[in-house]
Amino acid sequence: MGKLKIKKGDKVRVIAGAHKGAEGTVMLVLREDNKAFVEGVNLVKKHAKPSAQNPQGGIQEKEAPIQISNLSLLTSDGQTTRVGYRMEGDKKVRFAKKSNEVI
């Protein structure tokens with residue numbers, strides 16, 4: 000498994016699939032599955048039985064994981080870009096390949 004270039008807190012855009020064009024912030028990355036949870040993207044409905052925490056029960060909407068290969072990082076000006084790594088002094092930093100800015 001290679002290094003994942005998308006991390007928690009990144010702004011991303013979906014570039015393929017049913018939710019193509021949607022944007023959001025990465026909430027969680029599942030490294031072993033190469034998937035990520037993106038806020039407001041790939042919502043699914045889950046039927047919940049009544050319980051002590053949720054006495055009403057009902058249908059809840061929640062995010063489902065989306066494949067990382069379907070996501071592209073957004074730069075500060077809203078363009079999609081690929082991610083590169085370089086050394087600045089003694090620190091390894093991520094940078095946007097399109098604009099050459101440090102992420």
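For the sequence shown, numbering that gives the first Met the number 0 begins at 0 and goes up steadily by one. By construction, the Cβ of each residue, glycine as well, lies at the ideal position given by its N, Cα and C atoms.
Using the three-state DSSP reduction, which class does residue i fall into: helix, strand or coil?
i    : result
E100 : coil
S68  : helix
R81  : coil
E38  : coil
Could you tell me if residue i is buried or exposed, where buried requires 16 or more neighbouring beta carbons within 10 angstroms of its beta carbon?
i   : result
R85 : exposed
N41 : buried
N53 : exposed
A35 : buried
I67 : buried
Sorted by chain position, which residues of the same chain lie with C-beta nearer than 6 Å to residue i's C-beta, five sequence neighbours on each side aside?
i    : result
V101 : V92, F94
A63  : N41, V43
From the DSSP output, which residues share a beta bridge with residue i?
i   : result
M86 : K91
Which residues in the same chain have their Cβ closer than 7 Å to the Cβ of residue i, if we skip the five residues on either side of it in sequence?
i    : result
G105 : The chain is shown only over 0 to 102; residue 105 falls outside these bounds and no answer can be derived.
Report yes or no: do three or more beta-carbon pairs, one from the region 19-31 and one from the region 45-52, lie closer than 8 Å?
Short answer: they don't touch.
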